[in-house]
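Counted the way our numbering counts, the sequence shown spans residues 794 to 937.
Remarks on the structure that follows.
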Amino acid sequence: MRKTLALMVVAAMALGVTTAQAGPAPGNAGRYDRPLPGFSPAHTTLTEAPPEAVGLDPEPIEKALAAVRAATEAPGGELPLLPGAVTVLGHQGRIVAKEATGWALRYADGEGDELPADERLPMRTDTIFDMASVSKLFTSIVVM
């Protein structure tokens with residue numbers, strides 16, 4: 794049973810990958826500065842709206858924000874899972890939640906030695922992140 798389920802999951806993933814590939818519009822081959830067909834235009838600006846305005850229940854959104862906050866806090870002197878985070882939740886082209894939590898700069902080194910409180914920098918919603926090596930995540934998902 795378990796082997797059959799695993800085979801079905803792999804088959805579904807393979808089918809999804811092969812059918813979900815979008816090709817560039819005519820004349821756009823190699824133009825990564827242009828959105829693919831079906832995407833919003835590049836100049837699109839998302840606007841903020843309360844969850845209720847787009848038909849969402851705010852309770853699960855608050856639970857998601859609380860879960861991210863919890864990942865930036867650690868009980869009893871332990872190091873947290875994340876030093877800080879920015880969460881942006883959207884639905885139907887509207888930003889329904891945006892929150893910064895934790896620290897943009899918390900550690901003095903790669904060993905987990907914390908900076909004194911007055912030297913830390915708080916996370917902000919406009920904090921810029923280094924997205925280095927993020928392709929490894931997607932490669933590992935495809936390989937699995």
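Virtual Cβ for every residue (Gly too), placed ideally from N, Cα, C.
Check the Cα spacing between VAL881 and each of PRO915, GLU845, ALA901 and ASP919: the tightest is with ASP919.
Annotated three-state conformation of LEU908 is coil, per DSSP. One alpha carbon belongs to GLY869, the other to ASP826, and they sit about 47 Å apart. The alpha carbon of ALA878 has as its nearest neighbour, out of PRO909, ASP923 and PRO834, the alpha carbon of ASP923. If you look at ILE934, you'll find it in the alpha helix (DSSP H) that goes 928-936.
Partner residues in the beta bridge of LEU914, as assigned by DSSP, are LEU898.
Between the alpha carbons of VAL927 and ILE934 lies a gap of roughly 12 Å.
Considered as a whole, the region 815-885 harbours 877-884 as its complete beta strand (DSSP E) runs of no fewer than 3 residues, in chain order. Across the structure, ALA893 and ALA822 are spaced so that their CA atoms are roughly 37 Å apart. PRO876 and ALA864 have their C-alpha atoms spaced approximately 8 Å apart. Between the alpha carbons of TYR900 and MET916 lies a distance of about 13 Å. CA-CA distance, GLY895 to GLU866, rounds to 8 Å.
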